[in-house]
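*Asks:* Sequence positions in the sequence shown follow numbering that gives the first Met the number 0 and run 0 to 185. Ideal Cβ placement from N, Cα and C applies to all residues, glycine included. Since this is a predicted model, take the numbers as computed values, not measurements. Next up is a structure, given as C-alpha cells.
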Amino acid sequence: MSKTEENLRKAFAGESMARNKYTFFAAKAREEGFEGIARVFEETADNERAHAEREMSFMKGEVITSFLNYSVPAVGGTAENLEAAAAGEKWEWNEMYPGFEKIAREEGEKEIADMFREIGEVEEKHEKRYRILIEKVKAKGVFKSEQPIRWKCLNCGYVHEGTEPPAKCPACGKPRAYYEPWCQNY
C-alpha cells in the first residue's frame, strides 16, 4: 500500500469521526440555547461528510482494517466544543492536509494531491468561523451587536432590526435562541 493510500484512509476516518463529533456538539449548542451555532456545527458536519465521501471515492472499495489513533474530545459546553473544533480544523489545514498533499504529489497522484489541498482550504475557513463564534460566546455577544443589524428567526424567517433580537419571535413564538444575524446571500 502506498503512503497516499494510507493517508486516504486516515483522512476518511478523521472526516467521518469529525462529522459525528460535530453532530454531538450541535446537540449541546441547541441544549444551551444556541440554535445558530448548532446549525453551524451541522453544516460543518455535512461538509465533513462530503470530504469523507470524496476521499472514499479514491479508495476503490477497500476496507479499513485497522483502527487509527485519533483523539476525540468529550462533549463539553458550547465554548469548549468550539475550541476543540477550531483546534481540530487548524491541525487538519495546517499540518495533516499539507503533509498528505506533499506525499501524494511525490507519488504522482496529482488529482488526490489537489483534493487534499482544496479540502485543507475548506478546513481553514471552518477554523476561522469557529474562532469568531468562540469570541462571541465568551463575550456573551451571540445575541448582541453594537450597531443595529437585522436578526433573522431561523424557524419562521421573521426579520427584526435592532442591537439584539427580541426575547421571543413575534411571528412564531420561538425564543431568542432561534435568531442569528441575517446575511442576505442573493
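1. Report the three-state DSSP secondary structure of residue 151 (helix, strand or coil).
2. So, under 8 angstroms CB-CB, residue 171 and residue 155 are touching, yes? Tell me the CB distance rounded to an integer number of Å.
3. Is residue 74 helix, strand or coil by DSSP?
4. In three-state DSSP terms, what is residue 167?
5. Under 8 angstroms Cβ to Cβ from residue 136, same chain only, skipping five residues before and after it: list those, please.
6. Per DSSP, residue 161 forms a beta bridge with which residues?
7. Whole angstroms is fine: what's the gap from residue 116's alpha carbon to residue 15's?
8. Figure out for me which residue from 134, 131 and 150 has the closest Cα to the Cα of residue 180.
9. Going by CA-CA distance only, name the one from 148, 123 and 114 that's closest to residue 52.
10. Using the Cα positions of residue 47 and residue 18, report the straight-line distance between them to the nearest angstrom.
11. Identify, in the order they occur along the chain, each residue of the same chain with its Cβ nearer than 6 angstroms to the Cβ of residue 130, setting aside the five sequence neighbours on each side.
12. Using only CA atoms, which one of 133, 21 and 161 lies nearest to residue 44?
13. So, is residue 13 buried or exposed, given that buried needs 16 or more other C-beta atoms within 10 angstroms?
14. Just verifying my parser: in three-state terms, what is the DSSP assignment at residue 177?
15. Have a look at 11, 168 and 102 and flag the residue whose alpha-carbon is nearest the alpha-carbon of residue 54.
16. Going by other Cβ atoms of all chains shown within 10 Å of its Cβ, with 16 needed for buried, is residue 184 buried or exposed?
17. Buried or exposed for residue 105, going by 16 or more other Cβ atoms inside 10 Å?
*Replies:* So, from the listed chains and residues:
1. Working through the sequence shown from its first residue, we reach residue 151 at position 152. Three-state result, residue 151: strand.
2. Here the question's residue 171 lines up with position 172 in the sequence shown. Here the question's residue 155 lines up with position 156 in the sequence shown. About 4 angstroms; that satisfies the 8 angstroms criterion.
3. If you number the sequence shown from 1, residue 74 lands on position 75. Residue state, collapsed to three classes: coil.
4. Indexing the sequence shown from 1 puts residue 167 at position 168. The answer is strand: DSSP assigns residue 167 an E or B state.
5. Locating residue 136 in the sequence shown gives position 137, where the first residue counts as 1. Hits under 8 angstroms: 33, 36, 77, 78 and 81.
6. Against the sequence shown, residue 161 aligns to sequence position 162. Paired residues: 148.
7. Reading the sequence shown from its first residue, position 117 is the one you call residue 116. Reading the sequence shown from its first residue, position 16 is the one you call residue 15. Cα-Cα distance, rounded: 18 angstroms.
8. In the sequence shown, counting from the first residue as 1, residue 180 sits at position 181. Of 134, 131 and 150, the residue nearest in Cα terms is 150.
9. Walking along the sequence shown from the start, residue 52 turns up at place 53. Taking only the C-alpha atoms, the option nearest residue 52 is 114.
10. For the purposes of this step, residue 47 is identified with residue 48 of the sequence shown, where counting begins at 1. For the purposes of this step, residue 18 is identified with residue 19 of the sequence shown, where counting begins at 1. Straight-line Cα distance between these residues: approximately 5 angstroms.
11. Position 131 of the sequence shown holds residue 130. Around residue 130: 85.
12. The count along the sequence shown starts at 1 and reaches residue 44 at position 45. Closest by alpha carbon: 21.
13. Mapped onto the sequence shown, residue 13 falls at position 14. Its Cβ being crowded by 16 or more others within 10 Å, residue 13 is buried.
14. Locating residue 177 in the sequence shown gives position 178, counting from the first residue. Looking at residue 177 - three-state DSSP - the assignment turns out to be helix.
15. As a position in the sequence shown, residue 54 is number 55, starting the count at 1. Checking every option, the nearest Cα to that of residue 54 belongs to 11.
16. Within the sequence shown, residue 184 is the residue found at index 185, counting from 1. Under this definition residue 184 is an exposed residue.
17. In the sequence shown, residue 105 corresponds to position 106, counting from 1. Residue 105 comes out exposed.
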